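Colleague: Got a structure for you, questions after.
Quick look at the structure:
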């Protein structure tokens, strides 16, 4: 059997080492033992040696002794002070998402294991600060820069980190999510969408929008360009937009989950201008698609048609249609002080 022994620390009141001799090894656990109400012995586990050193255990026991002498509920205080490891919160988040059976969970779990756990897993979310989290994202960005790839992974990992810490807030582990104080575009490098050429100069964007306004090509192409500039939806969602997704009564477009390759429907509010544009399109509709191909109304516009139109307008070297999303992300993040909407709102608009 196992030999067990309580060893009192002579120099620190209430501190004991609970030693258990197993077949292969001896485990030692630091425990704070004290008499509670009705002289009943209470104990609080401080931690195992050598994870916790004797000096650390003594400091903790002295702190608990002080609380006891002040008449506070020592057990409650100890629970409140107990470290909450980032790894545990991340696992809780994964379990919560698993219930929803989301298609992106395996990718997000991969990001947690590859990018967050190596640096944060043993950290206590109660003491980890904004700088600790920022350094993790900076490390990912260094790798991206070395490989010459876009900052997509660092951005997605940052969003994921924010979600995990939102859970820590809702569980009461922390009072505030430090990553909510970080504006990604201000703190880190943002891709000027390396894969997609994009205009990020406001004056040049104005020139592009005026050029689109004077576009002499097909109506379907022109209106799709205008609509894309207003909504910064993905190219495929603009081109394959169907009338059945549009609700003029509710001023909404609702893309069904299947069409977006997402777990939930995605709603896009209609501004006054986009509603007006769609109503004009509706008057001349031919078929299911809002922006049908000029060749056949049974098919949507092709990606090439929109990119070729931008080329004809003289902007082909500077942007592609999909680049309008990067334009929106960059300029909206750079002008937060002017429009007053936080980066999380901007991310929500682009997060589809």
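Numbering (this note's numbering), first residue to last: 557 to 908. Don't be surprised by glycine CBs; every beta carbon is placed ideally from N, CA and C. These numbers come from a predicted model, not from an experiment.
Do you know how far the Cα of residue 635 is from the Cα of residue 844?
Modeller: Residue 844 sits at position 288 when you count from the first residue of the chain shown. Residue 635 sits at position 79 when you count from the first residue of the chain shown. Cα-Cα distance, rounded: 60 Å.
Colleague: Please go through the same chain and pick out, in chain order, the residues whose beta-carbon is closer than 6 Å to the beta-carbon of residue 592, but skip the five residues on each side of it.
Modeller: The count along the chain shown starts at 1 and reaches residue 592 at position 36. Cβ neighbours of residue 592 beyond the five flanking positions: 598.
Colleague: Would you check if the distance between the CB atom of residue 784 and the CB atom of residue 871 is smaller than 8 Å?
Modeller: Sequence index remark: in the chain shown, residue 784 carries index 228 (1-based). Sequence index remark: in the chain shown, residue 871 carries index 315 (1-based). No, the Cβ-Cβ distance between residue 784 and residue 871 is not below 8 Å.
Colleague: Hey, residue 682 and residue 730: beta-carbon distance below 8 Å or not?
Modeller: What you label residue 682 is simply residue 126 of the chain shown in a count that begins at 1. What you label residue 730 is simply residue 174 of the chain shown in a count that begins at 1. Result yes, Cβ atoms of residue 682 and residue 730 sit closer than 8 Å.
Colleague: Express the C-alpha separation of residue 561 and residue 575 in angstroms, rounding to a whole number.
Modeller: Here residue 575 is taken as the residue at index 19 of the chain shown, counted from 1. Here residue 561 is taken as the residue at index 5 of the chain shown, counted from 1. If you take the alpha carbons of residue 575 and residue 561, they lie about 5 Å apart.
Colleague: Give me the Cα-Cα distance between residue 836 and residue 668, rounded to the nearest whole angstrom.
Modeller: Reading the chain shown from its first residue, position 280 is the one you call residue 836. Reading the chain shown from its first residue, position 112 is the one you call residue 668. Answer to the nearest angstrom: the Cα atoms are 47 Å apart.
Colleague: Where residue 649 and residue 774 are concerned, what is the direct C-alpha to C-alpha distance, given to the nearest angstrom?
Modeller: The residue labelled residue 649 in the question sits at position 93 within the chain shown. The residue labelled residue 774 in the question sits at position 218 within the chain shown. Each residue's Cα considered, the two are about 49 Å apart.
Colleague: Tell me the DSSP secondary structure of residue 713 in three-state form.
Modeller: Counting from 1 along the chain shown, the entry for residue 713 is found at position 157. In the structure shown, residue 713 sits in a helix (DSSP, three-state: H, G or I).
Colleague: Residues bridged to residue 597 by DSSP?
Modeller: The residue given as residue 597 occupies position 41 in the chain shown. Paired residues: 591.
Colleague: Anyone know if the C-beta pair for residue 661 and residue 777 falls short of 8 Å?
Modeller: Against the chain shown, residue 661 aligns to sequence position 105. Against the chain shown, residue 777 aligns to sequence position 221. Not in contact: residue 661 and residue 777 (Cβ atoms no closer than 8 Å).
Colleague: Got a sec? Which residues, its chain only, sit under 8 Å from residue 755 by beta carbon, not counting five neighbours each side?
Modeller: Here residue 755 corresponds to residue number 199 of the chain shown, with the count starting at 1. The residues are 761, 764, 871, 874, 875, 879, 883.
Colleague: Taking 8 Å as the threshold (C-beta atoms), are residue 617 and residue 583 in contact?
Modeller: What you label residue 583 is simply residue 27 of the chain shown in a count that begins at 1. What you label residue 617 is simply residue 61 of the chain shown in a count that begins at 1. Not a contact, by the Cβ cut-off of 8 Å.
Colleague: Assuming residue 745 contacts residue 697 (C-beta within less than 8 Å), just tell me the rounded distance between them.
Modeller: Sequence index remark: in the chain shown, residue 745 carries index 189 (1-based). Sequence index remark: in the chain shown, residue 697 carries index 141 (1-based). Confirmed, Cβ separation roughly 6 Å.
Colleague: Can you check the region 775 to 849 for any alpha helix (DSSP H) of at least 4 residues that lies completely inside it and give the ranges in chain order?
Modeller: Listed in chain order, the complete alpha helix (DSSP H) runs (minimum 4 residues) inside the region 775 to 849 are 775 to 787, 791 to 795, 813 to 816, 828 to 839.
Colleague: For residue 893, report the span of its alpha helix (DSSP H) as first-last.
Modeller: The residue labelled residue 893 in the question sits at position 337 within the chain shown. Run containing residue 893: 892 to 895, per the alpha helix (DSSP H) assignment.
Colleague: Determine contact between the region 639 to 654 and the region 724 to 739, defined as no fewer than three beta-carbon pairs at a distance below 8 Å.
Modeller: The region 639 to 654, when compared against the region 724 to 739, does touch it at the 8 Å Cβ threshold.
Colleague: Quick check on this structure: which residue in 842, 895, 675, 630 has the alpha carbon closest to the alpha carbon of residue 602?
Modeller: Looking up residue 602 in the chain shown gives position 46. Minimum Cα distance to residue 602 is reached at 630.
Colleague: In its own chain, which residues sit with a C-beta less than 6 Å from the C-beta of residue 671, not counting the 5 before and 5 after it?
Modeller: Translated into positions along the chain shown, residue 671 becomes position 115. If we look at residue 671 and ignore the five residues flanking it on each side, its Cβ neighbours are 696, 713.
Colleague: Identify the continuous alpha helix (DSSP H) that holds residue 675 and give its terminal residues.
Modeller: Position 119 of the chain shown, counting from 1, holds the residue named residue 675. Note, residue 675: alpha helix (DSSP H), 673 to 676.
Colleague: In angstroms, rounded to a whole number, what distance separates the CA positions of residue 798 and residue 831?
Modeller: For the purposes of this step, residue 798 is taken as residue 242 along the chain shown, with counting starting at 1. For the purposes of this step, residue 831 is taken as residue 275 along the chain shown, with counting starting at 1. Spanning the two alpha carbons is a distance of roughly 14 Å.
Colleague: To the nearest angstrom, how far is it from the Cα of residue 809 to the Cα of residue 600?
Modeller: Mapped onto the chain shown, residue 809 falls at position 253. Mapped onto the chain shown, residue 600 falls at position 44. The alpha-carbon atoms of residue 809 and residue 600 are separated by roughly 56 Å.
Colleague: When you compare only the Cα positions, how much space is there between residue 892 and residue 868?
Modeller: Taking the first residue of the chain shown as 1, we reach residue 892 at position 336. Taking the first residue of the chain shown as 1, we reach residue 868 at position 312. Approximately 33 Å, taken between the alpha carbons.
Colleague: Please determine, among 800, 589, 804, 860, the residue with the shortest C-alpha to C-alpha distance to residue 572.
Modeller: By one-based count along the chain shown, residue 572 stands at place 16. Looking at the Cα atoms, 589 is the closest of the given residues.
Colleague: Pop quiz: residue 899 and residue 740 are said to be a contact at Cβ under 8 Å. What is the actual Cβ separation, rounded to whole angstroms?
Modeller: Within the chain shown, the letter at position 343 stands for residue 899. Within the chain shown, the letter at position 184 stands for residue 740. With 8 Å as the limit, residue 899 and residue 740 qualify as a contact, their Cβ atoms being about 6 Å apart.
Colleague: Tell me the rounded alpha-carbon separation between residue 749 and residue 881.
Modeller: Here residue 749 refers to the residue found at position 193 when the chain shown is read from its first residue. Here residue 881 refers to the residue found at position 325 when the chain shown is read from its first residue. Residue confidence for residue 749 is low, a pLDDT of 42 falling below 50, so the modelled location carries little weight; the figure read from the coordinates is stated next. Going from the Cα of residue 749 to the Cα of residue 881 covers about 9 Å.
Colleague: How long is the line joining the alpha carbons of residue 615 and residue 688, rounded to whole angstroms?
Modeller: For the purposes of this step, residue 615 is identified with residue 59 of the chain shown, where counting begins at 1. For the purposes of this step, residue 688 is identified with residue 132 of the chain shown, where counting begins at 1. Whole-angstrom Cα-Cα distance: 25 Å.
Colleague: Are residue 733 and residue 742 close, meaning C-beta to C-beta below 8 Å?
Modeller: Your numbering for residue 733 matches position 177 in the chain shown. Your numbering for residue 742 matches position 186 in the chain shown. Cβ distance not < 8 Å, so residue 733 and residue 742 don't count as in contact.
Colleague: When burial is assigned at 16 or more other CB atoms within 10 Å of the CB, is residue 795 buried or exposed?
Modeller: Within the chain shown, numbered from 1, the residue matching residue 795 stands at position 239. Answer is buried; the Cβ neighbour count reaches 16.
Colleague: Does the Cβ-Cβ distance between residue 866 and residue 779 come in under 8 Å?
Modeller: Counted from its first residue, the chain shown places residue 866 at position 310. Counted from its first residue, the chain shown places residue 779 at position 223. Cβ distance not < 8 Å, so residue 866 and residue 779 don't count as in contact.
Colleague: For residue 894, which residues from the same chain have a beta carbon less than 7 Å from its beta carbon, with the 5 sequence-adjacent residues on both sides left out?
Modeller: Along the chain shown, read from residue 1 onward, the residue named residue 894 stands at position 338. So no residue of the chain qualifies.
Colleague: Once DSSP output is grouped into helix, strand and coil, what is the label at residue 772?
Modeller: Indexing the chain shown from 1 puts residue 772 at position 216. Note: residue 772 maps to coil in three-state DSSP.
Colleague: Quick one: what's got a C-beta closer than 7 Å to residue 856's C-beta in the same chain, skipping five residues either side?
Modeller: Taking the first residue of the chain shown as 1, we reach residue 856 at position 300. Result list for residue 856: 795, 796, 845, 847, 848, 849, in chain order.
Colleague: What would DSSP say about residue 602, mapped onto helix, strand or coil?
Modeller: Numbered from its first residue, the chain shown carries residue 602 at position 46. Reduced to three states, the DSSP call for residue 602 is strand.
Colleague: Within 10 angstroms of its Cβ, does residue 586 collect 16 or more other Cβ (buried), or is it exposed?
Modeller: As a working note, residue 586 is residue 30 in the chain shown. It counts as buried.
Colleague: Alpha carbon to alpha carbon, how far is residue 905 from residue 594?
Modeller: Translated into positions along the chain shown, residue 905 becomes position 349. Translated into positions along the chain shown, residue 594 becomes position 38. Going by the C-alpha atoms only, they are around 60 Å apart.
Colleague: In the DSSP assignment, find the beta strand (DSSP E) that holds residue 902 and state where it starts and stops.
Modeller: As a working note, residue 902 is residue 346 in the chain shown. Taken as a continuous stretch (DSSP letters only), residue 902 belongs to no beta strand (DSSP E), being part of the alpha helix (DSSP H) at 899 to 906.
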